[in-house]
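Participant: I have a structure here, written as structure tokens, and I will follow up with some questions on it.
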Amino acid sequence: GTMSEKDALLDFCNSVSPNTIIFLDEAYMEFTDAGLKSSLAHEVFSLPNLIVARTFSKIYGLAGLRVGYAYAHPDLIKKMKHYHIGFEINMPITSLHAAIAAIDDQEFVLECKEKNREVKKQIYQSFDQWNIKYLSSETNFIYFETKHFKPGLVDFLKQNQILIRDYKDQPGYARVSMGTSDQIDQFLSKSEQFLAL
Numbered sequence: 004g005t006m007s008e009k010d011a012l013l014d015f016c017n018s019v020s021p022n023t024i025i026f027l028d029e030a031y032m033e034f035t036d037a038g039l040k041s042s043l044a045h046e047v048f049s050l051p052n053l054i055v056a057r058t059f060s061k062i063y064g065l066a067g068l069r070v071g072y073a074y075a076h077p078d079l080i081k082k083m084k085h086y087h088i089g090f091e092i093n094m095p096i097t098s099l100h101a102a103i104a105a106i107d108d109q110e111f112v113l114e115c116k117e118k119n120r121e122v123k124k125q126i127y128q129s130f131d132q133w134n135i136k137y138l139s140s141e142t143n144f145i146y147f148e149t150k151h152f153k154p155g156l157v158d159f160l161k162q163n164q165i166l167i168r169d170y171k172d173q174p175g176y177a178r179v180s181m182g183t184s185d186q187i188d189q190f191l192s193k194s195e196q197f198l199a200l
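Note that this note's numbering numbers the sequence shown so that position 170 is 173, with each residue one more than the last.
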């Protein structure tokens with residue numbers, strides 16, 4: 004859930020061979036405090052090997068519709084068309100209309116961003132109180148250490164209809180996604196209950 008600094012990304016892009024395609028995922032950009040000011044989308048004209056991708060799956064809440072878009076230099080787009088696989092991938096008209104409606108509803112985006120900020124604050128306060136280490140997040144999830152908890156936190160929460168993501172390849176860490184204030188209250192309450200067992 005962390006974000007790279009725009010200047011550091013630009014330095015990286017400028018250090019890479021112009022023959023190497025750089026794919027930058029800005030899926031969570033709308034969640035960040037810096038917002039679109041920190042985007043590299045406008046840099047595609049000065050960096051012809053850069054592709055900047057975005058999605059409607061995150062803050063817009065349209066994950067099931069599989070709608071996204073990308074920015075790239077016109078010359079790069081032309082080269083990519085050369086590798087076209089030969090058939091069109093048709094986007095359902097409902098997905099297209101939903102994406103257009105989502106773009107037009109920036110009030111919803113701001114509301115989601117504010118609610119996300121509030122529930123993150125709730126989690127940070129509880130984690131700080133419990134001495135749980137976590138990464139401050141620019142997104143709608145928090146990555147945290149579970150070492151402070153005895154084994155079984157993920158299973159205990161699952162038994163209580165709360166799903167968090169554990170990392171089998173990174174034992175001792177988990178990720179909780181932001182939900183409603185009530186959902187986060189439930190997550191924190193059950194986590195505290197588990198700590199007391």
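Yeah, the Cβ is synthetic: ideal placement off N, Cα and C, and Gly gets one too.
Excluding sequence positions up to five away, which residues of its chain have a Cβ less than 6 Å from the Cβ of L68?
Facilitator: S98 and A101
Participant: In angstroms, rounded to a whole number, what distance separates the CA positions of D188 and L27?
Facilitator: 34 Å
Participant: Could you give the first and the last residue of the continuous alpha helix (DSSP H) run that contains D36?
Facilitator: Looking at the DSSP string, D36 is not in any alpha helix (DSSP H), and its letter there is neither H nor E.
Participant: State the Cα-Cα distance for the pair T142 and A73, rounded to the nearest angstrom.
Facilitator: About 20 Å.
Participant: Assuming R178 is part of the beta strand (DSSP E), what are its boundary residues?
Facilitator: Taken as a continuous stretch (DSSP letters only), the beta strand (DSSP E) holding R178 covers Y176 to S180.
Participant: Go through the region 81–163 residue by residue and report every complete run of the alpha helix (DSSP H) that reaches 4 residues or more, in order.
Facilitator: 96–107, 109–133 and 156–162
Participant: In this structure, what does DSSP give as the bridge partners for Y72?
Facilitator: R57
Participant: Mind checking V19: buried by the 16 CB within 10 Å criterion, or exposed?
Facilitator: Answer is exposed; the Cβ neighbour count stays below 16.
Participant: Determine which residues share a DSSP beta bridge with F48 and list them.
Facilitator: According to DSSP, F48 bridges with nothing at all.
Participant: Give every residue of the same chain whose Cβ lies closer than 8 Å to the Cβ of K193, excluding the five residues on either side of it in the sequence, and list them in chain order.
Facilitator: F159, L160, N163 and I165
Participant: Can L138 and T35 be called in contact, C-beta distance under 8 Å?
Facilitator: Contact flag unset, no.
Participant: Using only CA atoms, which one of L13, Y146 and K82 lies nearest to Q173?
Facilitator: Y146
Participant: From N52, L43 and N119, pick the residue whose C-alpha is nearest to that of D78; which is it?
Facilitator: N52
Participant: Between I167 and the rest of its own chain, which residues show a CB-CB distance below 7 Å, the 5 nearest in sequence each way excluded?
Facilitator: V157, L160, A177, R178 and V179
Participant: Using the Cβ count rule (16 or more neighbours within 10 Å means buried), how would you classify N134?
Facilitator: exposed
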